[in-house]
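Written below as structure tokens is the structure these notes are about.
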Amino acid sequence: MTAPLEAAEPAVQAAGPGDERPVRRGTLQYALSKVGGALFSIAMVIVATFFVFRLLPGDPVRNLAQGRNMTPAQLDLERHRLGLDKPLINQFFDFVGNTLRLDLGTSYEYKRPVLDLIGERIGPTLLLAGTGLVIAVSLGVWQGTRAGWRHGGRFDRFSTGTSLVLWSVPTFWLGLLLMMVFGVGIGPIPGVLPFRGIESVDAPDGFAYLLDVASHMVLPCLTMVAVIYAQYLLVMRSSLLEEVSQDYVTVARAKGLRDDEVRRRHAVPNALLPTVTLVFMRIGFVVGGAVTVETIYTWPGLGQLFYEAIVVPDFTLMQGTFMLITVAVIIMNTLADVVYHLLDPRVRSA
Amino acid sequence: MTLLELDDLSVTYRIAAGEVPAVRGVSLTLDSGAALGVAGESGSGKSTLAMALLRLLPRDARVGGRILLGGEDVLTMKWGRMRAVRWAEASIVFQGAQHGLNPVRRVGDQIAEPLLVHGQARPEAARKRVSELLEQVGLPTWRARSYPHELSGGQRQRVMIAMALACSPRLIIADEPTTALDVMVQAQVLTLIKELVAEHDISLLMISHDLSVLADVCDQLAVMYAGRVVEHGPSGEVFHDARHPYSRALAAAFPTVGDPASRMAPKGLGGDPPDPMRLPGGCAFHPRCPVALEECASLDVALWLAGPGRTAACVHVREKEGAS
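Top line first, the protein sequences correspond to chains S and B. Using this note's numbering, you'd call the opening residue of the first sequence number 1 and step up by one each time. Using this note's numbering, you'd call the opening residue of the second sequence number 1001 and step up by one each time.
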């Protein structure tokens, strides 16, 4: 018998109820600090946008002229109209002021306010990319959980393999392939699904219209889901694998919980944490639209708008969509921080 | 009365490279209210032994022999009965200081969980029981609402103990319950375990690499090497007067407090534990043994009588006892 065990006896009492109950920092306080940080980031984005787009090569006025013969006087007039003849610093303050008033300028190409164009296109994008994201996340998390729980089993090998192959496939190639097989039809087999736009030319009204839009969504949605669901599967699978090897999972088993209870109550809630962060970061990009998918299927969304703006090039439109996408990403990251804070007590006390 | 009886227990892991025998024929008994310590290095099979008792080993483990818990064979139980036995009859204290607690759930909920799972209490009564348990382990009741990361290592270990007591089991298996705690906290936790076990008349099976810790808490000691028990006997005798050279090395590895000579020169043991897939022939310990004889490389060692109530698997013991 060793001596310190005896000597330490009185310390037992001292260690007991003596410690003070800590005061918890509120979630609201945390959220406010995160919002402050986000606002600062947005301000930096506005400043950066201005200078980045001024640094781009090419004279916007000459681009607008599109090679037509114009006299220097005409060019100057056009420059004056667009405010490009003012000193850079004045242009900068005009830009910041306008942006804060949500005036994103007028599109060179469409001759309409950028904000209106975005407003028209954001609905279809949210519909397509939002649906795609929900399906991809559900599919990925479900398969990732099953694959991770029965790690190395048949389901694991099959689902992980399939998702990785689909992830490696280029989006445009898969999109064109699906379009050919299900839209155009091969040989004697006719195409069954529409693959152009969001609605038929002679779109019916009411409930039938919803069905029409839904049928137009199938192929672009399928393409999107196939390409992105692997990342949710892989993140969920690997974080579940990590959790399963932890002692607390063995403790849960030792407590007499059923296998599915151990998974549902202990392993999955912990494994979901990294996935939540990933999902929120993706929501930010959803707003930007899936440029490739929208272009292939001529989906009238933001991605297509951005693509057109680059082709022209339409600087104000590019500027506007660029800012929208970055701001969306910042907002979603902030939300991810707050949600994570609610889900993980360890972040709360840090 | 015998509460737990291991009869020729063996555990073999099947991995891609072949079979790994982790436990090779261990027979031990534990009486109601008694405390048995199992000592050994990492890889000696002691933790595998602990996990086997409630069939918590991974799927690739093959378990042989018999484990009788209160007369019932754990290894042939149906799954439903097994789940009912888990925690209600025998619970486990893990290294709570590390990852034994779920990081995103309040400790009160984790203590209450087995009560609810086994239908021993409704949520309201479970809450009261949690407060009771926290008081028993010397924690304030408001700690039920804390998360594991808000507790110190010692407090987390107390929570683990409270959790193990929840369903008033007859047996508590403590797997390295004080590893990763500093010495003072370790002493407090050990005292707590001793008191609670005595107070509630619970049997204790304690696993550790620290022979001095086991000698302090347990009545009986079993020393394991390469999946076998190499020495067994009353703890004081095994600790102070070990008969097997491996037990002697294990006891000498921890300096005796108050003895400067042992502090200055802690005696270690050269070499590494053997690879279980390539165990040496004869006595598995002979390549590291300071007193090995030539015959040790081929002799089949078994647990031989080494005094009243003591056994040891060493040829020197056999010769000595055989002569007297």
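Each residue gets a CB set at the ideal place from its N, CA and C atoms; glycine is no exception.
Quick check on this structure: which residue in the options has the alpha carbon closest to the alpha carbon of residue i?
i: V1038/B; options: F1254/B, L1049/B and A1252/B; result: L1049/B
i: H1240/B; options: R1145/B, A1292/B and L1214/B; result: L1214/B
i: F1254/B; options: Q1095/B, V1183/B, G1025/B and A1022/B; result: V1183/B
i: A230/S; options: A48/S, W167/S, G153/S and L219/S; result: W167/S
i: G130/S; options: P220/S, D314/S and V52/S; result: P220/S
i: M1001/B; options: Q1157/B, K1320/B and G1033/B; result: G1033/B
i: E1195/B; options: A1162/B, L1221/B and D1175/B; result: A1162/B
i: E1132/B; options: G1100/B, P1148/B and L1165/B; result: L1165/B
i: D1210/B; options: S1203/B, P1234/B, S1247/B and A1198/B; result: S1247/B
i: P1283/B; options: D1272/B, V1238/B, A1297/B and R1081/B; result: Here residue 1283/B is Cys; the residue named in the question, Pro, does not match the sequence. The option with the nearest alpha carbon to C1283/B is A1297/B.
i: A1088/B; options: P1169/B, Q1188/B and S1027/B; result: P1169/B
i: V1137/B; options: Q1157/B, R1127/B and R1145/B; result: Q1157/B
i: R1243/B; options: R1129/B, L1305/B, D1007/B and R1086/B; result: L1305/B
i: H151/S; options: G256/S, L234/S and V213/S; result: L234/S
Within 10 Å of its beta-carbon, does residue i have 16 or more other beta-carbons around it, so buried, or fewer, so exposed?
i: R1055/B; result: buried
i: V1315/B; result: buried
i: A1125/B; result: exposed
i: H1286/B; result: buried
i: T295/S; result: buried
i: D337/S; result: buried
i: D1073/B; result: exposed
i: L1171/B; result: buried
i: N333/S; result: buried
i: M1/S; result: Residue placement at M1/S cannot be trusted, given a pLDDT of 38 that sits under 50; what the coordinates show is reported in the next sentence. Burial call: exposed.
i: Q1155/B; result: buried
i: Q29/S; result: exposed
i: N98/S; result: exposed
Applying a beta-carbon distance threshold of less than 7 angstroms, which residues of chain B neighbour residue i?
i: Y248/S; result: H1099, G1100, L1101 and N1102
i: H266/S; result: N1102
Among the residues of its own chain, which have a CB less than 7 angstroms from the CB of residue i, if the five just before and after it don't count?
i: Q91/S; result: G83
i: Q1098/B; result: A1180
i: E9/S; result: Confidence is the limiting factor: at E9/S the pLDDT is only 36, short of 50, which leaves the residue's position unreliable, though a coordinate-based value still follows. Contacts found: none.
i: V141/S; result: Y232, M236 and T275
i: R1288/B; result: L1269, G1270 and G1271
i: V291/S; result: G303, F306 and Y307
i: A226/S; result: L166 and L174
i: G191/S; result: F182, G183, V184 and G185
i: Q1110/B; result: L1101, N1102 and M1163
Could you list which residues in chain B have their beta carbon closer than 8 angstroms to that of residue i, in chain order?
i: R346/S; result: P1103, V1104, Y1147 and H1149
i: N270/S; result: N1102, P1103 and V1104
Using 9 angstroms as the limit for Cβ to Cβ distance, is residue i near chain B?
i: V251/S; result: yes
i: G148/S; result: no
i: P274/S; result: no
i: L343/S; result: yes
i: E120/S; result: no
i: E261/S; result: yes
i: V339/S; result: no
Which bits of chain S does residue i rub up against, with CB to CB less than 8 angstroms?
i: H1118/B; result: G256
i: R1083/B; result: G256, L257 and R258
Note down, in chain order, each residue of its chain lying with its Cβ closer than 6 angstroms to the Cβ of residue i, except the 5 sequence neighbours on either side.
i: W1079/B; result: none
i: E1019/B; result: T1012
i: V1223/B; result: A1039, V1230, E1231 and S1247
Show which residues of chain S have a CB atom less than 9 angstroms away from the CB atom of residue i.
i: S1091/B; result: A254 and K255
i: A1088/B; result: G256
i: F1094/B; result: D247, Y248, T250, V251 and A254
Does any CB atom of chain S fall closer than 9 angstroms to the CB of residue i?
i: E1019/B; result: no
i: Q1157/B; result: no
i: W1304/B; result: no
i: E1237/B; result: no
i: M1001/B; result: no
i: M1051/B; result: yes
i: M1206/B; result: no
i: M1329/B; result: The requested residue 1329/B does not occur in the structure, where chain B is confined to residues 1001 to 1324.
i: M1163/B; result: yes
Go through its chain and collect everything with a Cβ distance to residue i's Cβ below 8 angstroms, but skip five positions before and after it.
i: G197/S; result: H216, Y297, T298, W299 and P300
i: R1024/B; result: S1010, G1045, A1226, G1227 and R1228
Find the residues of chain S that neighbour residue i, judging by a C-beta separation of less than 7 angstroms, and give them in chain order.
i: L1054/B; result: A254
i: P1169/B; result: Within chain S, no residue comes near P1169/B; the closest Cβ sits about 11 angstroms away, beyond 7 angstroms.
i: E1176/B; result: Simply none; closest approach about 11 angstroms.
i: E1113/B; result: K255
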